[in-house]
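These notes are about the structure you will find just below.
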Amino acid sequence: MQISPLINRLIEDLRCLPGVGPKSAQRMAFNLLEHNREAGKHLASTLLEAINKIGHCQSCRILTELTLCSLCNNAKRDKSKLCVVETPSDVYAIEQGTDFNGLYFVLMGHLSPLDGISPEQLGLAHLENRLKIEKITEVILATNPTVEGEATAHYISDIVKSLDIQATRIAHGVPIGGEIEYIDGGTLSHAFSGRRAV
Amino acid sequence: MMSGRYVAWGTVMITNKQRVQFQPAYVLHQRPYKDASAIVEIFSAEYGRHGLVANGIKRSTSKRRGLVQSFQPLLISWVGRGELGTLTAIELRGHALILKPQYFCSAFYMNELLLRLLQRHDPHVELFSCYDKALRALAVLPRCSDANWPLQAILRSFEVSLLQLLGYALVLGHDIKTNEPINVEYQYDYLLDHGPTRYLDSSIEPCGVVVSGLTLKALSNPKELNGEISVGDSSMPLVFNEAKRLLRSVLDAYLGHKPLQSREMYRKTKPLAG
Numbered sequence: 164m165q166i167s168p169l170i171n172r173l174i175e176d177l178r179c180l181p182g183v184g185p186k187s188a189q190r191m192a193f194n195l196l197e198h199n200r201e202a203g204k205h206l207a208s209t210l211l212e213a214i215n216k217i218g219h220c221q222s223c224r225i226l227t228e229l230t231l232c233s234l235c236n237n238a239k240r241d242k243s244k245l246c247v248v249e250t251p252s253d254v255y256a257i258e259q260g261t262d263f264n265g266l267y268f269v270l271m272g273h274l275s276p277l278d279g280i281s282p283e284q285l286g287l288a289h290l291e292n293r294l295k296i297e298k299i300t301e302v303i304l305a306t307n308p309t310v311e312g313e314a315t316a317h318y319i320s321d322i323v324k325s326l327d328i329q330a331t332r333i334a335h336g337v338p339i340g341g342e343i344e345y346i347d348g349g350t351l352s353h354a355f356s357g358r359r360a361v
Numbered sequence: 223m224m225s226g227r228y229v230a231w232g233t234v235m236i237t238n239k240q241r242v243q244f245q246p247a248y249v250l251h252q253r254p255y256k257d258a259s260a261i262v263e264i265f266s267a268e269y270g271r272h273g274l275v276a277n278g279i280k281r282s283t284s285k286r287r288g289l290v291q292s293f294q295p296l297l298i299s300w301v302g303r304g305e306l307g308t309l310t311a312i313e314l315r316g317h318a319l320i321l322k323p324q325y326f327c328s329a330f331y332m333n334e335l336l337l338r339l340l341q342r343h344d345p346h347v348e349l350f351s352c353y354d355k356a357l358r359a360l361a362v363l364p365r366c367s368d369a370n371w372p373l374q375a376i377l378r379s380f381e382v383s384l385l386q387l388l389g390y391a392l393v394l395g396h397d398i399k400t401n402e403p404i405n406v407e408y409q410y411d412y413l414l415d416h417g418p419t420r421y422l423d424s425s426i427e428p429c430g431v432v433v434s435g436l437t438l439k440a441l442s443n444p445k446e447l448n449g450e451i452s453v454g455d456s457s458m459p460l461v462f463n464e465a466k467r468l469l470r471s472v473l474d475a476y477l478g479h480k481p482l483q484s485r486e487m488y489r490k491t492k493p494l495a496g
């Protein structure tokens, strides 16, 4: 239906967002045009500014408009601990959900030989350089508990250990509030193999 | 397992919807699809390689999320018509396999070989059992080991079986020119696509890969390769080096020009692991 080619274009463009299908995109477009034009203008300018200015932190590779992100630049953070994660959203999750007060390194992915993602693409040379220069005593490997995440953690732990730094891996197993009866066998096996004395 | 249905709307249409229930299978690879789904490439016992859409498995509430992982013995159900099926149920088949991280590269290598050499929908019951056996053997390898020959034995056995079951079996029992049995004392020039001939004059450039009779004999007998019958510790490194070189050349001929990514990764990670 070609009532307005521009509205159609707006609907089509809004669909680039995750989880937005044609119907949701149409609702968003009409909401912005009918009730929220100011907010729409604001969104457009912020989006444009963010796209133009946001790059990667030179130290931890998280997304930021600064050369060094506010986490790396914060003098109060424990600079002896470095947490390695796969994506910037993992940093947000750890910041919101834990009391970890160290620094981060964002891989922006994981090693995946079958997809051709190699150590160079994850900035591991940069990580190694950081480990050599900075006074880091513990590297916490918080990659996802998938086979690719485990392979990545193992590869990084080899680099870390070769520099005489302690490498630790986050625990994985039964979630809090979960019921053992309903947990899949793979997770349960990991929970058992990673059990610890109380 | 397979159901055919006739739908009459003027003309007769035949739908050939496949409904497979709890098929022993392994996940070879998965890639993201839409927001919370994945396209999963599986290797099943009776249906071979198959592509399935796993709807919603990336959602935090999905109970299947932890199960759709490579190197785990699974029972998978799906429905499908045509190239891609839809995953309907997934369960662990027996106990979970816990591979030590240093063997992931080797396991990825086996998956990549299967992805590159198998056609979708070709059943390979025997190959499935070889893959299953190889993964279970990898899972019981020790965390730290000075000798890497048990790992090599698993991989070489798998490669020999893979070639054999795909119809590209190596000639390991006799000299292709003289028809005489392989002599462990002799050197052979293994011509790809043909087989071994005795390599007499080392001053002449070989036409194929030079291997000893001992290596050919070890490759022809999986028990020997797995160390159940000792070929002697001193000759072990030679046998495994030659076996690796020979199988690599043979596999490369079938894999084409694109290099194996997992092999590249192993090459990059080996200096660190060593």
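In order, the protein sequence lines correspond to chains A and B. Just add 163 to wherever you are in the first sequence, counting from 1, and you've got the working numbering. Just add 222 to wherever you are in the second sequence, counting from 1, and you've got the working numbering. Built from N, CA and C at the ideal position, the CB exists for glycine as well.
Query                                                                                                                                                     : Result
Are the CB atoms of LEU469 of chain B and GLU334 of chain B within a distance shorter than 8 Å?                                                           : no
Classify LEU266 of chain A: buried if its beta carbon has 16 or more other beta carbons within 10 angstroms, exposed otherwise.                           : buried
Find the residues of chain B that neighbour GLU313 of chain A, judging by a C-beta separation of less than 8 Å, and give them in chain order.             : PRO323, PHE326
Could you check which residue in A:LEU229, A:ARG224, A:THR230, A:GLU311 has the C-alpha nearest to that of ASP245 of chain A?                             : It should be pointed out that residue 245 of chain A corresponds to Leu in this sequence rather than to Asp. When each option's Cα is compared against that of LEU245 of chain A, the closest is A:ARG224.
Do HIS317 of chain A and GLY336 of chain A have their C-beta atoms within less than 8 Å of each other?                                                    : no
Just verifying my parser: in three-state terms, what is the DSSP assignment at GLN294 of chain B?                                                         : coil
With a threshold of 8 Å between beta carbons, is PRO181 of chain A in contact with chain B?                                                               : yes
Can you have a look at GLY232 of chain B and say buried or exposed, based on whether 16 or more other CB atoms are within 10 angstroms of its CB?         : Residue confidence is low: GLY232 of chain B scores 36 on pLDDT, short of 50, so the model does not pin down where it sits. No coordinate-derived value is stated.
To the nearest angstrom, report how far apart ILE296 of chain A and LYS324 of chain A are at their CA atoms.                                              : 15 Å
Can a CB atom of chain B be found closer than 8 Å to the CB of GLU175 of chain A?                                                                         : no
May I have a chain-ordered list of the beta strand (DSSP E) segments no shorter than 3 residues that lie completely inside the region 390-472 of chain B? : 409-413, 417-420, 431-434
Could one say the Cβ of LEU277 of chain A lies closer than 8 Å to chain B's Cβ atoms, at least one of them?                                               : yes
So PRO168 of chain A is in the alpha helix (DSSP H); what residue range does that whole segment cover?                                                    : 168-177
Starting from ARG338 of chain B, follow the alpha helix (DSSP H) in both directions and report where the run begins and ends.                             : 326-339
Under 8 Å, Cβ to Cβ, is there at least one residue of chain A near LEU363 of chain B?                                                                     : no
Using a beta-carbon distance cut-off of less than 9 Å, what residues from the region 292-316 of chain A approach chain B?                                 : PRO308, THR309, VAL310, GLU311, GLU313, ALA314, ALA316
Using DSSP's beta-bridge definition, name the partner residues of TRP371 of chain B.                                                                      : Partner(s): none; TRP371 of chain B has no beta bridge.
Taking TYR410 of chain B as the reference, which of B:SER425, B:SER282, B:LEU392, B:GLY430 has the closest Cα?                                            : B:GLY430
Would you list the one or two residues that DSSP bridges to GLY273 of chain B?                                                                            : B:GLU263, B:LEU306
Got a sec? Which residues, its chain only, sit under 8 Å from TYR402 of chain B by beta carbon, not counting five neighbours each side?                   : Sequence check: residue 402 of chain B is Glu here, not Tyr. Result list for GLU402 of chain B: HIS396, in chain order.
Quick check on DSSP: helix, strand or coil for THR209 of chain A?                                                                                         : helix
Would you say TYR488 of chain B and TYR331 of chain B are within 8 Å of each other, going by their C-beta atoms?                                          : yes
Based on Cα-Cα distance, which residue from B:SER471, B:THR308, B:LEU314, B:LEU388 lies nearest to LEU349 of chain B?                                     : B:LEU388
Which class does THR315 of chain A belong to by DSSP, given the choice of helix, strand or coil?                                                          : helix
What is the DSSP secondary structure of GLU268 of chain B, reduced to helix, strand or coil?                                                              : coil
Helix, strand or coil for LYS280 of chain B per DSSP?                                                                                                     : coil
Any beta-carbon of chain A closer than 8 Å to the one on SER284 of chain B?                                                                               : no
What are the boundary residues of the beta strand (DSSP E) that includes ILE370 of chain A?                                                               : Since the first and last residues shown for chain A are 164 and 361, residue 370 of chain A lies out of range.
To which residues of the same chain is GLN221 of chain A closer than 7 Å at the C-beta, ignoring the five residues directly before and after it?          : THR230, LEU231
Could you please tell me which residues of the region 461-490 of chain B, in chain order, have their CB closer than 9 Å to any CB of chain A?             : LEU482, GLN483, SER484, ARG485, GLU486, MET487, TYR488, LYS490
From which residue to which residue does the alpha helix (DSSP H) around PHE355 of chain A run?                                                           : 348-356
Would you please verify whether the beta carbon of GLU381 of chain B is less than 8 Å from any beta carbon of chain A?                                    : no
Run through chain A and tell me which residues come within less than 9 Å of GLY417 of chain B, C-beta to C-beta.                                          : Per Cβ cutoff of 9 Å: no residues; GLY417 of chain B is ~32 Å from chain A at best.
Using 8 Å as the threshold, is the C-beta distance between ALA260 of chain B and LYS280 of chain B below it?                                              : yes
List, in chain order, every chain A residue whose beta-carbon is nearer than 8 Å to that of ASN333 of chain B.                                            : LEU277
Of the choices B:ALA375, B:VAL393, B:LEU337, B:VAL433, whose alpha-carbon is the least far from that of GLN252 of chain B?                                : B:LEU337
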